[in-house]
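Numbering (my numbering), first residue to last: 1419 to 1616.
First comes the structure, then the notes that go with it.
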Ligand code: ADP
């Protein structure tokens, strides 16, 4: 297991975040919390690359599909008419396909942040997947307003500006996928002493 100070997470400023000029704001929130940038680059990922980035399990696909089904029900829309199916897994697969297309549609900023509980805290800084459920003070809660219904009607993923690894295990796999060892750096921030030392 890595030293507690050395846990890492992958953050992507997705196409909508970059095009809205939010890259600096997103990076700032992690940096000012105390996380250290140990890798950063701008890339335009290929479809093949995004397919290896999003590797949801069947349960995760069903979860995405069920969120859409719930939203459709709440707004009185027929899933078969709007999505072509009422099967959660099929809808999840569709959203996953839209994610491949969207993430590879423009450059993105990929950043590896390091620090204690990086993945778990990263999720908190970013906020809930669905913008209307994201708390104020989180990145998504402060800067995104999209709804899955709008996304689903337009056959595109929800625009929630940023990706954050789900947990430490997922982060390791994602960081290996986006960064080579040579692209990750070690150095000391001047405030590490006051944040961590005796
Ligand atoms: P997160 O990005 O918070 O880890 P997920 O892994 O569940 O969320 O989903 C990946 C991305 O797929 C989301 O960030 C969002 O852009 C898109 N997405 C998820 N669920 C839906 C949905 N029901 N409708 C449209 N897009 C969705």
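Ideal Cβ positions, reconstructed from N, Cα and C, are used throughout, including at glycine.
Under DSSP, residue 1532 forms a beta bridge with 1426 and 1454.
Counting the other Cβ atoms within 10 Å of the Cβ of residue 1569 gives 16 or more, which makes it buried. The straight-line gap separating the alpha-carbon atoms of residue 1490 and residue 1559 is approximately 22 Å.
In this structure, the alpha-carbon of residue 1526 lies about 35 Å from that of residue 1494.
Residue burial is scored here from C-beta neighbours: residue 1422 has fewer than 16 other C-beta atoms within 10 angstroms and is therefore classed as exposed. For residue 1461, DSSP records a beta bridge to 1526.
Closest by C-alpha distance to residue 1536, out of 1441, 1454, 1432 and 1433, is 1454. Judged by DSSP secondary structure, residue 1498 falls within the alpha helix (DSSP H) whose first and last residues are 1497-1501.
The DSSP-derived three-state label of residue 1554 is strand.
The alpha carbon of residue 1432 has as its nearest neighbour, out of 1583, 1596, 1579 and 1615, the alpha carbon of 1579.
For residue 1420, there is no enclosing alpha helix (DSSP H), as DSSP marks it with neither H nor E.
No heavy atom of the ligand ADP is found nearer than 8 Å to the CB of residue 1608. The straight-line gap separating the alpha-carbon atoms of residue 1443 and residue 1553 is approximately 17 Å.
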